[in-house]
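Novice: Protein chains in written order, with the working numbering: chain A, 1 to 192; chain B, 1001 to 1192.
Think of the CB as a built atom: it goes at the ideal place given N, C-alpha and C, for glycine as much as any other residue.
None of the values given here were measured: they were computed from a predicted structure.
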DNA sequence: GTGATTATTTATCATATGATAATTGAATAG
DNA sequence: CTATTCAATTATCATATGATAAATAATCAC
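Written as structure tokens, this is what we have:
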């Protein structure tokens, strides 16, 4: 895989743990680029997560079904890593899917091969440790945002902290992300 | 620090990534044991988390205040690791505290010294990577439990998945953990 | 043990959100 | 461009949960 197409990814790596050239090449060797059209699933429900994704361009979400209702767990924008960690770290099939919301260019890193690289490149293991530690912190922060806040508070916090989501993502997906129905979200937006 | 007092901790390590004796000794050298009485704070709000804890005996919770109201983020029982990761992994002061709910015996591991050990003992870095990956997965699972479930569903799930919490922890702490008021929890428990 | 504090339950009322349906508006395929 | 589907809003009604207060019950200090 040509390293120039991985420039954005390597830029992200530098923020966590800069890699020696050999390590970058090793990652390039197990990576590939795919383009995915809007509304397509990048990974379907029931599939075991064996790829760590990075978004060069586009938007994605992780979603699942609860009692037949589509629930968005999270959104992902450019220059971010996506993985269904509850599958990636356990080896179990995921009940969640990854869907593309805007035509996307995505880097896929083969997870099993990456985990093997951990043995020969401690810098790579450290890099991904730090990446997922940061993601973990985000997730803890998210719980705080949900617990004991009203729907309106959650909407306003989103407006404040991640207005891009509201600008670029259909509201029906935002509603379940906030833990409310689309109709409630519409009502809250209409207030004042 | 005498390794025999760390037997439970090393037992936990074996589940994730068994350590060579030298590595166990290195961890023992930066660990200490403390006993903490019920209702005492192990770590206060505003303190930067520089210690990773392990519970030999007792129960703890992480809590914080929202608009003056005490909210429980999580409970921790015997043989589990506790850390306020949003502080540990960022180096920022935590807005959360760790409180002991039953007289406890706790192992404290000096975090900065532990992170230094990562350089000389890749097995230790891997061990803690896996420990926190598992904790991350738990946290993702938790979000799913909160999003789009009614208070009654959340209570029943807790009764199913972690009945110990309801047996050993005051309900006022459980209520905020479930994201509801104590009065609502009491009402839900009274149903049927 | 006794009184004082704290936790839990019960009751009443107010309100935010869900469910459903109808309407309007936007996106898409042909 | 038009028709069709899909997304977003608005309205009405039902209900779960919050807020407050009062009554028990349990725990704790002395």
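Would you please verify whether the beta carbon of residue 126/A is less than 8 Å from any beta carbon of chain B?
Specialist: For residue 126/A, the answer is yes, since a Cβ of chain B falls inside 8 Å of its Cβ.
Novice: For residue 138/A, which residues does DSSP report across the bridge?
Specialist: None, per the DSSP bridge assignment.
Novice: Give me the subset of the segment 1026-1052 of chain B whose CB atoms are less than 9 Å from a CB atom of chain A, sorted by chain position.
Specialist: Flagged: no residues at all.
Novice: Given that a residue counts as buried once 16 or more other Cβ atoms are within 10 Å of its Cβ, and exposed if not, what is residue 139/A?
Specialist: Buried, since its Cβ has 16 or more Cβ neighbours within 10 Å.
Novice: Going by DSSP, which residues form a beta bridge with residue 1007/B?
Specialist: None, per the DSSP bridge assignment.
Novice: How long is the line joining the alpha carbons of residue 180/A and residue 99/A, rounded to whole angstroms?
Specialist: The alpha-carbon atoms of residue 180/A and residue 99/A are separated by roughly 20 Å.
Novice: Of the choices 165/A, 69/A and 131/A, whose alpha-carbon is the least far from that of residue 75/A?
Specialist: Measuring from the Cα of residue 75/A, the nearest candidate turns out to be 165/A.
Novice: Between the Cα of residue 1006/B and the Cα atoms of 1018/B, 1017/B, 1033/B and 1022/B, which residue gives the shortest distance?
Specialist: Among 1018/B, 1017/B, 1033/B and 1022/B, the Cα nearest to that of residue 1006/B is on 1033/B.
Novice: If you measure from the CB of residue 41/A, is any heavy atom of the ligand PLP nearer than 7 Å?
Specialist: As for the ligand PLP, it is missing from this structure, which has no ligand bound.
Novice: Compute the distance between the beta-carbons of residue 81/A and residue 1143/B, then report whether it is under 8 Å.
Specialist: Result no, Cβ atoms of residue 81/A and residue 1143/B do not sit closer than 8 Å.
Novice: For a cutoff of 8 Å on Cβ pairs, would you count residue 194/A as touching chain B?
Specialist: A question about residue 194/A goes unanswered here, because the residues of chain A that appear run from 1 up to 192.
Novice: Report yes if the C-beta distance between residue 1060/B and residue 1088/B is below 8 Å; otherwise report no.
Specialist: Not closer than 8 Å, so no.
Novice: I'd like to know if the segment 1090-1098 of chain B and the segment 171-179 of chain A are in contact, where contact means that at least 3 CB-CB pairs between them fall below 8 Å.
Specialist: Verdict: no, contact absent.
Novice: When DSSP labels each residue in this structure, what does residue 79/A get in the three-state scheme?
Specialist: Coil at residue 79/A, not helix or strand.
Novice: Quick one: Cα of residue 133/A to Cα of residue 13/A, how far?
Specialist: Their backbone Cα atoms lie some 14 Å apart in a straight line.
Novice: Closer than 7 Å by beta-carbon distance: list the chain A residues that pair up with residue 1150/B, in chain order.
Specialist: Per Cβ cutoff of 7 Å: no residues; residue 1150/B is ~11 Å from chain A at best.
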